[in-house]
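Step one of this worksheet: look at the structure below.
In this note's numbering, the protein residues as written are 230 to 344.
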């Protein structure tokens, strides 16, 4: 595995199960966005957070009548998707009008200060 070689290891694996869970969550979020009428192609992951959840306890039976805990380690995944903002250029007419109004206001205020 080339990724493992760069860290000096001979073997390396990817977290396959965790990656599959995240892919399923992304598909679910995409279908939810489509249901709400959002543009699916412009969705961006704004926030993602994974927190530990309380462990679930089960038991596993061992030799000689012993019992050991068999714990699962679940998590809470929080994912927020938003639509990418599109850049809209301002029309130049509004900018020119604002400059003209600003110049008029400045000249009026200067005349008021001088008097």
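By construction, the Cβ of each residue, glycine as well, lies at the ideal position given by its N, Cα and C atoms.
Cut-off 6 Å between Cβ atoms - residues of its own chain near residue 276, not counting five sequence neighbours on either side: 309
Residue range of the alpha helix (DSSP H) that includes residue 256: 245-264
Where residue 231 falls: helix, strand or coil (DSSP): helix
Span separating the alpha-carbon of residue 238 from that of residue 299: 31 Å
Same chain, Cβ closer than 7 Å to residue 258, neighbours up to 5 away in sequence not counted: 308, 310
Residue 279 in three-state terms, based on DSSP: strand
When 294, 279, 272 are compared against residue 250, the one with the closest alpha-carbon: 279
Cβ separation of residue 313 and residue 273, assumed to be a contact under 8 Å, to the nearest whole Å: 5 Å
Element boundaries [beta strand (DSSP E), containing residue 307]: 304-312
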